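Residue numbers (my numbering): 1181 to 1481. Beta carbons are placed, not taken as given, at the ideal position from N, Cα and C, and that holds for glycine. Treat the numbers as computed from the prediction; the structure is a model and nothing was measured. Beneath this line is the structure, given in structure tokens, with notes to follow.
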């Protein structure tokens, strides 16, 4: 029995470090790999949208490898709770044909971008190979490839079915791969025909279909617009004049009423008062000092 328990202790001592390592491993709950050949640069734009597994401790330090010819990532950013992308600092080290990019993210969602110039062009024939080195466990892998606007006979190996036209004018090929274990690498081979070095992004700029001149629909010359402008101006002047006349008449009427009322009150103040004799009661005539009947001096004040 003692030997049995000793065996168990030794067994758990051996497997415990491996278990701790497995729990500490970083994996992706989802990784979307986007491959856009000749989009806004002569090479290929590759960008990852990755989400860390739910049990990942944050902040987490990641290392992603890019081809040596890419030299450095174009952008490394985290996606905050508002959906904005904020840049992350990174370091790089060369390992053979790869450059390992290391960065630390405090959030689970990251966008990682780089340009791969290793597209092969021979006349109208273009070829490109993308390689995933298999550094992380991926619960759900999705691959999306954008076809250049002027590309013909676009081929993908392994095949990804028929492309779907999008509202942005591009055709996209998508493959939902699913789970991919760490250590499993794969290669995607693109081949297509395209004349010239025209990129997809500049062709999306807005420009008039034809030059604008006097024959263009909706275009009007000054001579055509001027009568309407003068008519509108005259109408506004008539309205303004009527309003001024109405306001002026109202002001005159109110002023007249105020002056008339004031004049009436003054006239009332200047009218002579009737005087009666305080002795006999006879009404006096204006200007009398003594009563014409009894001779008593009148009180005129």
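- Secondary structure within the region 1214-1284: the beta strand (DSSP E) runs of 3 or more consecutive residues, fully enclosed, are 1224-1232, 1240-1247, 1255-1259, 1265-1267, 1270-1275 (chain order).
- Counting only runs that start and end inside the region 1278-1328, the beta strand (DSSP E) elements of at least 3 residues fall at 1278-1285, 1289-1296, 1300-1302, 1305-1312, 1317-1327.
- Of the residues 1377, 1418, 1474, the one whose Cα lies closest to the Cα of residue 1220 is 1377.
- Within the DSSP bridge table, the entry for residue 1351 names 1327, 1345 as partners.
- Annotation for residue 1366: the continuous beta strand (DSSP E) segment containing it runs 1366-1373.
- One thing to note: residue 1315 has its Cβ no nearer than 9 Å to the Cβ of residue 1247.
- Contact between residue 1243 and residue 1281 is confirmed by a C-beta separation of about 7 Å, below the 8 Å threshold.
- One alpha carbon belongs to residue 1414, the other to residue 1423, and they sit about 14 Å apart.
- Separation of residue 1310 and residue 1367 (C-alpha to C-alpha, rounded to the nearest whole angstrom) is 6 Å.
- Excluding the 5 residues flanking it on each side, residue 1474 has same chain C-beta neighbours closer than 8 Å at 1457, 1459, 1460, 1462, in chain order.
- Taking a C-beta distance under 9 Å as the contact criterion, residue 1283 and residue 1271 qualify as a contact pair.
- In the DSSP assignment, residue 1456 is bridged to 1463.
- Residue 1380 and residue 1212 have their C-alpha atoms spaced approximately 21 Å apart.
- Contact between the region 1342-1349 and the region 1224-1239 is not established, with fewer than three Cβ pairs separated by less than 8 Å.
- Within the DSSP secondary-structure output, residue 1208 pairs in a beta bridge with 1232, 1318.
- Here residue 1275 is exposed: its Cβ has fewer than 16 other Cβ atoms, across all protein chains shown, within 10 Å.
- Secondary structure at residue 1336: strand, using DSSP grouped into helix, strand and coil.
- Rounded to whole angstroms, the separation of the alpha carbons of residue 1412 and residue 1418 is 10 Å.
- Between the C-alpha atoms of residue 1325 and residue 1215 there is a straight-line separation of about 5 Å.
- Residue environment for residue 1208: buried (at least 16 other C-beta atoms within 10 angstroms of its C-beta).
- In this structure, residue 1334 lies near residue 1372, with their beta-carbon atoms less than 9 Å apart.
- Taking C-beta atoms as the reference points, residue 1205 and residue 1317 count as a pair closer than 9 Å.
- Bridge pairing for residue 1360: 1318 [DSSP].
- Exclusion of the five residues before and after residue 1258 leaves 1266, 1268, 1285, 1287, 1290 as the residues of its chain whose Cβ lies within less than 6 Å of its Cβ.
- Beyond the five residues adjoining it in sequence on each side, residue 1255 comes within less than 6 Å, by CB distance, of 1293 in the same chain, given in chain order.
- When 1218, 1250, 1321, 1262 are compared, the shortest CA-CA separation from residue 1361 is found for 1321.
- Ranked by how close their Cα comes to the Cα of residue 1350, the residues 1467, 1228, 1331 have 1331 in first place.
- Just so you know, the alpha carbons of residue 1223 and residue 1336 end up roughly 17 Å apart.
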